[in-house]
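A.B. asks:
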Amino acid sequence: MTHLPYLNGYPAPLVTQVCTILEQGRLGQWIAHKYPARHDVQTDKSLYQYVSDIKQRYLKNAPAIAKILFDNQQHPVKGTLGTNTFVARVQGNKLKNKNEIRIAALFREAPAEFLRMIVVHELAHLKEKDHNKAFYQLCVHMEPDYLQLEFDMRVWLTWREHQATLTAKSIPASM
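Read in order, the letters of the sequence shown are residues 127 to 301 in our numbering.
Structure representation (structure tokens):
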């Protein structure tokens with residue numbers, strides 16, 4: 127059975143099912159069938175507007191976000207898919223707070239639902255810093271299918287990594 131790091135913590139029968147579909151070469155088709163729609167959020171400016179719209183709808187009283195952008199430095203295995211940074215700085219005799227949300231650049235290529243899921247996740251951190259029960263309740267409030275989307279996004283990441291491995295193996299070493 128293939129090692130599936132994105133699915134650690136999920137029940138073994140579920141991981142085995144994903145592994146079987148992956149080994150049969152059908153995982154990409156399954157994802158494309160379930161999530162055919164791509165989004166048109168490709169720039170930092172459009173991402174800022176997209177996130178701001180969701181925040182305005184569900185978290186009107188949450189702190190303002192100073193910066194929202196796609197980040198090429200974030201990688202799902204080496205780090206995270208998104209970050210919500212809170213910085214407090216003293217300027218004169220005032221304390222200035224600043225929130226930043228950075229979304230991994232790979233979400234430019236993701237199905238629309240996965241972009242929404244990661245945005246909802248990062249927005250929930252404005253209210254709940256830890257991944258606790260209240261955090262996940264807030265995520266589900268903003269996106270009712272949040273838990274299923276998180277799992278499916280992990281399956282998508284597994285498929286992407288598998289495709290990258292196949293591509294790397296097909297390139298001759300002399301290149």
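Note that the Cβ used here is the ideal one computed from N, Cα and C, for glycine as well.
Which whole runs of the alpha helix (DSSP H) in the region 149-207 are 4 residues long or more, in chain order?
C.D. replies: You should have 153-160, 170-184.
A.B. asks: Excluding the 5 residues preceding and the 5 following Ala238 in the sequence, name in chain order all residues of the same chain whose CB lies nearer than 6 Å to its CB.
C.D. replies: Here the set comprises Ala163, His165.
A.B. asks: If you follow the alpha helix (DSSP H) that Arg228 is in, where does it begin and where does it stop?
C.D. replies: Not the alpha helix (DSSP H): Arg228 falls in the beta strand (DSSP E), residues 220-230.
A.B. asks: From what residue to what residue does the alpha helix (DSSP H) around Leu130 run?
C.D. replies: Taken as a continuous stretch (DSSP letters only), Leu130 belongs to no alpha helix (DSSP H), as it is neither H nor E.
A.B. asks: Check each candidate in Ile147, Pro139, Ala138, Pro270 and name the one with the smallest Cα separation from His288.
C.D. replies: The candidate whose alpha carbon is nearest that of His288 is Ile147.
A.B. asks: Return helix, strand or coil for Pro270, following the three-state DSSP convention.
C.D. replies: Coil at Pro270, not helix or strand.
A.B. asks: Could you tell me the boundaries of the alpha helix (DSSP H) in which Leu252 lies?
C.D. replies: No alpha helix (DSSP H) contains Leu252, which DSSP labels as neither H nor E.
A.B. asks: Taking all protein chains shown into account, decide if Asp271 is buried (16 or more other Cβ within 10 angstroms of its Cβ) or exposed.
C.D. replies: Exposed, by the Cβ-count rule.
A.B. asks: Kindly give me the distance between the Cβ atoms of Asp179 and Ile229, rounded to whole angstroms, as I take these residues to be in contact under 8 Å.
C.D. replies: The Cβ separation is near 15 Å, so there is no contact.
A.B. asks: Pro139 by DSSP, collapsed to three states: which one?
C.D. replies: Helix.
A.B. asks: Tell me, please, which residues DSSP counts as bridged to Gln217.
C.D. replies: In DSSP, Gln217 forms a bridge with Lys220.
A.B. asks: When burial is assigned at 16 or more other CB atoms within 10 Å of the CB, is His103 buried or exposed?
C.D. replies: Outside the modelled stretch of the chain, which goes from 127 to 301, sits residue 103, for which no answer is possible.
A.B. asks: Is the distance from the Cβ of Leu130 to the Cβ of Thr284 below 9 Å?
C.D. replies: In contact: Leu130 and Thr284 (Cβ atoms closer than 9 Å).
A.B. asks: Judging by CA-CA distance, which residue of Ala190, Ala294, Thr142, Val177 is the nearest neighbour of Asn225?
C.D. replies: Comparing Cα positions, the closest option is Ala190.
A.B. asks: Taking a contact to mean a Cβ-Cβ separation below 9 Å, would you say Tyr132 touches Val281 in this structure?
C.D. replies: In this structure, Val281 lies closer than 9 Å to Tyr132 by Cβ.
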